[in-house]
Structures are given as structure tokens and as C-alpha cells.
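Report on the structure given below.
Residue numbers (my numbering), protein chains in the order written: chain A, 1 to 643; chain B, 644 to 741.
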């Protein structure tokens, strides 16, 4: 029974996409288009819930649909697989996807092309489901490219604004670079293991790994490049902040909760291979750590509410990479899980604020919305506490877990831990700054009596409340050991059935408790500091004084450390110059020159022969004989070469 | 002793070819074409004898029949041309290449 359910999983979002794109492309009622899209996603969610008990009891479920390709001794089928890892991502994608689709019905109410918007959204869910339940790498890659395409389409949804169209293009190109890496890495793995099936990758043969050490390291490195593209890490993270040009629900769904975690998901899928390449693991850990702190530093000074959240997402994704890099894949996956809820909620909350203020995104022009938008405020507060890592909320458990495993890394434990700890303080600071500026500080906008500022419609508020509940509750699935004896680290142990388990801890559990308390105190200090700077009476003076004293740092952070400009000079410019050279010289003179010379020769010989036509019968006979001899010589020489 | 007939056939063929190329009057050209056909006929007969299969000798009769028909058509064409342009030389019959 559940095999039928698995087959039907991607079908309903696809159906919603087809209906929306074929029949409701123009002049659709937003509620109709939205409900079709919502139902497509929601039915998949229900199916996923129905499959869940089977996965709990029997573990891996595999379904074969049809044969895709059969090349000598490779056979690649369109196979789906649900195991402990993919069922979690599947529930997350379809569950949060349904909520965000519902939210979009309210948010996109004024848009002229709802059919198009919801068809893209459904196509995204379809690709993401395919990516999640893929049994082999090729099916995953299909979904991987599909989500990239939808991301591009949705970032540039308001393409009449040139900046937004450019942001879409940037995201697409950055992802293409990464996808190229994934493709090459996939080929490398196929060469080494002779298979693309994830079932084989779960228990890779050690002999093959030892025989192909170098090739394996290269393949894994290339896959990591792909992961940095999709999950927005250094060096390819630049697209994610720009991706905020898309509609806010899209940012919540694609660029916070689901698509960007696909990279981490892939790392977890291949965890049993990656642990045999310690060098690449260290690279992953350092990429994660540096991305986390860099993005957090940038987030501190941004003015645009969505930009802050975008950098926060990059930073949190850095945490997940860090967790994978130190071998704690299950902890990384746990953070993916909790992060999806609270970051989705933060984005939807920001969307609700932007919606209420008629598309104002500058935080310094907001303020005092606490009483105006009560539901948004309270749900936002839950998300804030969750992302800051206040004990009791989801973010606390997952972040603490990552910090703990980072400290226990045998080579770079201490430096990475310091980075991660600083990042968590910075996170608390900039997130609190956001909340204080938006909800607490003095109001800096004009409220007209015709458009009073109030919470959005029910479509928007219900998803907020549901997500707020989960942002609070999901942390208890992965309670640390000392808090509960029976169900400790339930989530992690569940995932560890298919994902490589972390190493034994070096430090004692007492150290863990002590660090937990200290971290929490540090986070509270950060929140207090943000409150002190941005809310208390002397906010203006103090903020200005601070800004003045740390001008260089502040400016560096505000300008995003000039990373875009750096890429522009060192990567974009050379490519542009080289392309100009190819167009202006190689194409014009070498390729075109050759063809033009050829055409001149043919044309002139035609002109020449035109006037050398035989006049007499004997002349004609001579030409016939000449032509015949040439053919004879060619045929004869061909025969002699074949012999 | 048989080789001499092969050389004879090749000589006849080349003679016919040369005549076709350099002769000016149409009747001579026609005769030279007939000469080439005869050399081919001779080769047919020779190969047939060498291999010991009579098919080649049969083929000769077909070629003679075709050659007779061709000579009749060729001659009548030349006569018609002569009536039209009052000349039997190939330079005067440029009609064909225009």
C-alpha cells in the first residue's frame, strides 16, 4: 500500500502545476489558483504522513517506476526510496510548503499573474519532492536542477524590475557553477563504485575506497562545490542575499526552509562516503565555520529586513555545514529541521510586516509595530527566541548540539568552536536588533486613516501560528541526554540509522552542561546589548557614537566586505575580457576568416570554370573522361585502403 | 599468345577515344565510338574464353544489337543536323552546348 503512496507523492504537485500553468495561466482568481496549488502540496503531505509509520517499522522502502537508461552494465531506473533521512525532509517540505502556499494566497492578493506564481510554486514542490525521495543520484540531480530552475523563475518573478531579473540570473549562474561540480562528482562516484544508487552508497565497499583514494577525494570535492552553490556557502553564497528580490513567501519556502538545505541533505546522503575522506571533511567544516561568522558579521549592519534574514540564513546554513564537517551529520540534519520552522516563520513574519506596511522593507522606517500587529509580533517573538537559542525553544537544542560536536572535533575543535560560539552571540545580537527596530523602537512611518496598519488576513495568520507552535515544539525531539533518559536524542538516533554517526565525545558531559549555561548567558548579554543600543532613550546618540568609533568595521560590514566587487574584479572581469577577445578576434578573424576564405575560393573557382566550358563535342567528351577518371581514382584508392 | 589480343583491345579503345577527342567531322566521331564498342566486345569474348563461361560471348551479341541501333539513330541525327546547319563538322554544331 505504501509503495502506491510513494509513487503518487510527486504526482499531485505536478498535477497542480499542470492545471495552473495550462488552464489558469491568465485571468485566474487567486483563491482558485492558490487552493489548487495548496491541495497538491497538502495531499502529498498527507501521503507522507501515511507512509511515516511504515518507515518507522521497516526502515527503507524502495519503489521502482520504470527503467530510465541502460548503458552496458549500468542500469539506471526511476526509483524512489524513503528512509529515515528522506521522510523527515519530505514531511518538512510538504508540510511547510502547504503552509507557505496558504500564506501566499494572502500575500500575493494584488498580483496580476497568480496562476503563474502558483504553477511555479507547485513545480518547485514537485522538484523538491523528487530530490528528496530519489533512490539514485540521477533522479536526485533531476530534482536538484528543477529546484534551481524554479528558484530562478521565482526570484525573477517581478521581472519588469531589472534589478530583480538580474538577481534571478545571478542565482541561476551561481547554481550552475555548483551543479557542474555535482555532475562531475556524480560521474566520479559512478566510475569508482559502478553504481549511482544511494542504497549502495550507504554501505560503500572499503576496497574500492582504498583503491581510488585520489579520484574519490576529487569527486567529493566537486560535490562539495555543488553543495556550496545550493546551500549558499563560501565561495558561492553571493546569490542568496540577492535572491530576496523574489516575493517573500518564496524567500521563506525556497531560500530559507527547503531548497537551500538540499546541499546539507546531499552531504548526509553521502555521509558514509565522505567520512572516508578526512581532508574534504575538514574543508566542509572550515567552509561552514567561516561562512557562518562572515554572514553574521554582514547581517549586523544591514537595513533591509529581508537582507538581515537572508544573511542569517547563510549563517545558519554555515552551522549545518560545520556540523557535517565535524562528522555530526545527524546534528546538522536536526538543525536543518528546526531551522526550517523558525526561519520559515521569520520570513513569513517579515512578509506580514512588509505586507502591512505596503512593501516597506527598511527596518529604520518601521518601529512600534508591537501593538499594531499582535499576532505577527507574538509569533515573531517565538521565532526570535528559537533562533537565538534560548533554552526551551527549538534552536537551542539543535545549535547546542552542533557547538558540542564542534568542540569535540579532534583536530580543529577549539578554533571552530570559538567561531561557532561568536556566531551564536552575533546571531542573537542582529536578530534582536531586527525585532527591536521593527516592533519596539519609536514608530517612524505615517499611518493613513484609509489604510490602517493591521494584521493580514486569516490565510496569512494561520500558517504563522502553526509554524510558531512547531518552532517551539520540535526541539523536544532531540533533547540532550541529561534532560531525558528515555527519549534522549530521539531525532538524531532516528536519522543515524542511515547517516554516519558522530565520533565519541572527548570532553565529559559536565563540560557540556557548563558550556550550555555559559552560552546561554552570552546570548542573553547580546540581546541586552541590542536592547540597550536600539531601544533605550539614548539609542540615537549611542548608536551614532558606536558607529562613529567603529566606522571602518561598520562600513566594511555594511558593504558586505566587498565580496561582490571582489568577484567582479577577479572572476567576472577576466571572463568578460576573455569573451570579448573571443568575439572580437578569434571569432571574427580566425573562425569567420577561415570560412570567408573558403567561400572566396569556391566562388572564384566557379567564376573561373563558368567561362571554361567546352564548345565542341570532343571537348565535352574530354570533360566526361576527366570526371570519370577522378571518380575512378577515388573509388579505387578507397578500395585499396579498406583492404 | 592470348595477351596480344588484350593489347589489341586496349589499342583499339585508345584509338577510338583519341579519335573521338580530336576528330572534327561528326561521322568520324561516330565511327570512333563504334571502334571503342568493338574493343569492348573483343574484351568480352576474351574474358569469356579465359574464364570458360559462355555468358560473355552472349553479351557480345546484345552489344552488337545496341550498337547497330545506336549507329542508326546517330546517323539519322547527323543527317538531320546537316539539313539544318549545312555542315558536318562539330564546330558548326554549337547548338548542343548553348
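We put the beta carbon where it would ideally sit given N, CA and C, even for glycine.
Please state whether DSSP places residue 390 of chain A in a helix, a strand or coil.
Here residue 390 of chain A is taken as the residue at index 390 of the first chain, counted from 1. Coil.
Have a look at the DSSP bridge pairing and note the partners of residue 80 of chain A.
Within the first chain, numbered from 1, the residue matching residue 80 of chain A stands at position 80. Per DSSP, A/63, A/134.
Quick one: what does DSSP say residue 71 of chain A is sitting in, helix, strand or coil?
Position 71 of the first chain holds residue 71 of chain A. If DSSP states are grouped into helix, strand and coil, residue 71 of chain A belongs with the strands.
Residues of chain A with a CB under 9 Å from the CB of residue 664 of chain B: which are they?
On the second chain, position 21 is the one that residue 664 of chain B refers to. Within chain A, the residues near residue 664 of chain B are 618, 619, 621, 622, 625.
Find out if the Cβ-Cβ distance for the pair residue 721 of chain B, residue 669 of chain B is shorter than 8 Å.
Position 78 of the second chain, counting from 1, holds the residue named residue 721 of chain B. Position 26 of the second chain, counting from 1, holds the residue named residue 669 of chain B. For residue 721 of chain B and residue 669 of chain B, yes; Cβs fall inside 8 Å.
Name the chain A residues that come within less than 8 Å of residue 672 of chain B, Cβ to Cβ?
Position 29 of the second chain holds residue 672 of chain B. Under the 8 Å cutoff, chain A gives 617, 618.
As a quick exercise: from A/360, A/238, A/55, A/496, pick the residue whose alpha carbon is nearest that of residue 566 of chain A.
Mapped onto the first chain, residue 566 of chain A falls at position 566. Per the Cα distances, A/238.
Name the DSSP bridge partner or partners of residue 304 of chain A?
Your numbering for residue 304 of chain A matches position 304 in the first chain. BP columns for residue 304 of chain A point to A/362.
Buried or exposed: where does residue 34 of chain A fall if 16 or more other Cβ atoms within 10 Å of its Cβ makes it buried?
As a position in the first chain, residue 34 of chain A is number 34, starting the count at 1. Residue 34 of chain A should be labelled buried.
Kindly identify the DSSP beta-bridge partner or partners of residue 668 of chain B.
On the second chain, position 25 is the one that residue 668 of chain B refers to. Per DSSP, B/732.
Rounding to the nearest angstrom, what Cα-Cα distance links residue 400 of chain A and residue 302 of chain A in this structure?
Residue numbering aside, residue 400 of chain A sits at position 400 when the first chain is read from its first letter. Residue numbering aside, residue 302 of chain A sits at position 302 when the first chain is read from its first letter. Approximately 26 Å between the Cα atoms of the pair.
Are the C-beta atoms of residue 681 of chain B and some chain A residue less than 8 Å apart?
Counting from 1 along the second chain, the entry for residue 681 of chain B is found at position 38. So, not an interface residue.
In its own chain, which residues sit with a C-beta less than 7 Å from the C-beta of residue 431 of chain A, not counting the 5 before and 5 after it?
If you number the first chain from 1, residue 431 of chain A lands on position 431. Closer than 7 Å at Cβ, skipping near neighbours: 312, 384, 387, 388.
Which residues, in chain order, does the stretch 719-735 of chain B contribute to contact with chain A at a C-beta distance below 8 Å?
For the stretch 719-735 of chain B, which is checked against every Cβ of chain A, the residues closer than 8 Å are 733, 734.
Specify, as a first and last residue, the run of the alpha helix (DSSP H) that residue 567 of chain A falls within.
Here the question's residue 567 of chain A lines up with position 567 in the first chain. Taken as a continuous stretch (DSSP letters only), the alpha helix (DSSP H) holding residue 567 of chain A covers 563-567.
State the Cα-Cα distance for the pair residue 235 of chain A and residue 266 of chain A, rounded to the nearest angstrom.
Looking up residue 235 of chain A in the first chain gives position 235. Looking up residue 266 of chain A in the first chain gives position 266. Cα to Cα, the separation comes out at about 18 Å.
Take residue 89 of chain A and list the residues in its own chain whose beta-carbon comes closer than 6 Å to its own, dropping the five residues that flank it on each side.
The count along the first chain starts at 1 and reaches residue 89 of chain A at position 89. The answer, listed in chain order, is 132, 265.
Among residues of its own chain, excluding the 5 on either side of residue 3 of chain A, which ones have a beta-carbon nearer than 6 Å to its beta-carbon?
Residue mapping note: residue 3 of chain A aligns to position 3 of the first chain, counting from 1. So the qualifying residues of the chain are 63.
Residues in the same chain with beta-carbon distance under 8 Å from residue 741 of chain B, minus the five sequence neighbours each way, listed in chain order, please.
Taking the first residue of the second chain as position 1, residue 741 of chain B is located at position 98. Unreliable positioning characterises residue 741 of chain B in this predicted model, as indicated by a pLDDT of 48, which lies under 50. The coordinate reading is nonetheless provided below. Excluding sequence neighbours, residue 741 of chain B sits near nothing in its chain.
How many Å lie between residue 706 of chain B and residue 731 of chain B at the Cα?
Along the second chain, one-based indexing puts residue 706 of chain B at 63. Along the second chain, one-based indexing puts residue 731 of chain B at 88. Cα to Cα, the separation comes out at about 27 Å.
With distances taken Cα to Cα, identify the nearest neighbour of residue 681 of chain B among B/733, B/663, B/659, B/712.
Start at 1 with the first residue of the second chain, and residue 681 of chain B comes out as number 38. Here the closest residue by C-alpha is B/659.
Below 8 Å on the Cβ atoms is my guess for residue 45 of chain A versus residue 98 of chain A; work out the distance and round it to an integer in Å.
Mapped onto the first chain, residue 45 of chain A falls at position 45. Mapped onto the first chain, residue 98 of chain A falls at position 98. At roughly 5 Å, the Cβ-Cβ gap stays under 8 Å, so residue 45 of chain A and residue 98 of chain A are in contact.
Leaving aside the five residues before and after residue 491 of chain A along the sequence, list all residues of the same chain whose C-beta is less than 6 Å from its C-beta, in chain order.
As a position in the first chain, residue 491 of chain A is number 491, starting the count at 1. Counting only Cβ-Cβ distances below 6 Å, and skipping sequence neighbours, we find 334, 477, 478.
Please check if any C-beta of chain D sits within less than 8 Å of the C-beta of residue 662 of chain B.
The structure shown contains no chain D; the protein chains it does contain are A and B.
What is the DSSP secondary structure of residue 197 of chain A, reduced to helix, strand or coil?
For this step, residue 197 of chain A is matched to residue 197 along the first chain. Looking at residue 197 of chain A - three-state DSSP - the assignment turns out to be strand.
So what's residue 723 of chain B in DSSP terms, helix, strand or just coil?
Indexing the second chain from 1 puts residue 723 of chain B at position 80. Note: residue 723 of chain B maps to helix in three-state DSSP.
Should residue 412 of chain A be listed as close to the ligand FMN, given that the test is whether its C-beta is under 7 Å from any heavy atom?
Of the ligands one can find in the structure shown there are none, so the ligand FMN has no counterpart to examine.
For residue 579 of chain A and residue 178 of chain A, what's the separation of their Cα atoms in angstroms?
On the first chain, residue 579 of chain A is found 579 positions in, with the first residue counted as 1. On the first chain, residue 178 of chain A is found 178 positions in, with the first residue counted as 1. Those two C-alpha atoms are separated by around 21 Å.
According to the Cβ coordinates, are residue 327 of chain A and residue 288 of chain A closer than 8 Å?
On the first chain, residue 327 of chain A is found 327 positions in, with the first residue counted as 1. On the first chain, residue 288 of chain A is found 288 positions in, with the first residue counted as 1. In this structure, residue 288 of chain A does not lie closer than 8 Å to residue 327 of chain A by Cβ.
Give the secondary structure of residue 382 of chain A by DSSP, where H, G and I count as helix, E and B as strand, and everything else as coil.
As a working mapping, residue 382 of chain A is identified with position 382 in the first chain. Helix at residue 382 of chain A.
Which residue's Cα is closest to the Cα of residue 318 of chain A: A/480, A/229, A/365, A/568?
Position 318 of the first chain, counted from the start, is the residue given in the question as residue 318 of chain A. Comparing Cα-Cα distances from residue 318 of chain A to each of A/480, A/229, A/365, A/568, the minimum goes to A/229.
Should residue 170 of chain A go down as buried or exposed, given a rule of 16 or more other Cβ atoms within 10 Å for buried?
For this step, residue 170 of chain A is matched to residue 170 along the first chain. Burial call: buried.
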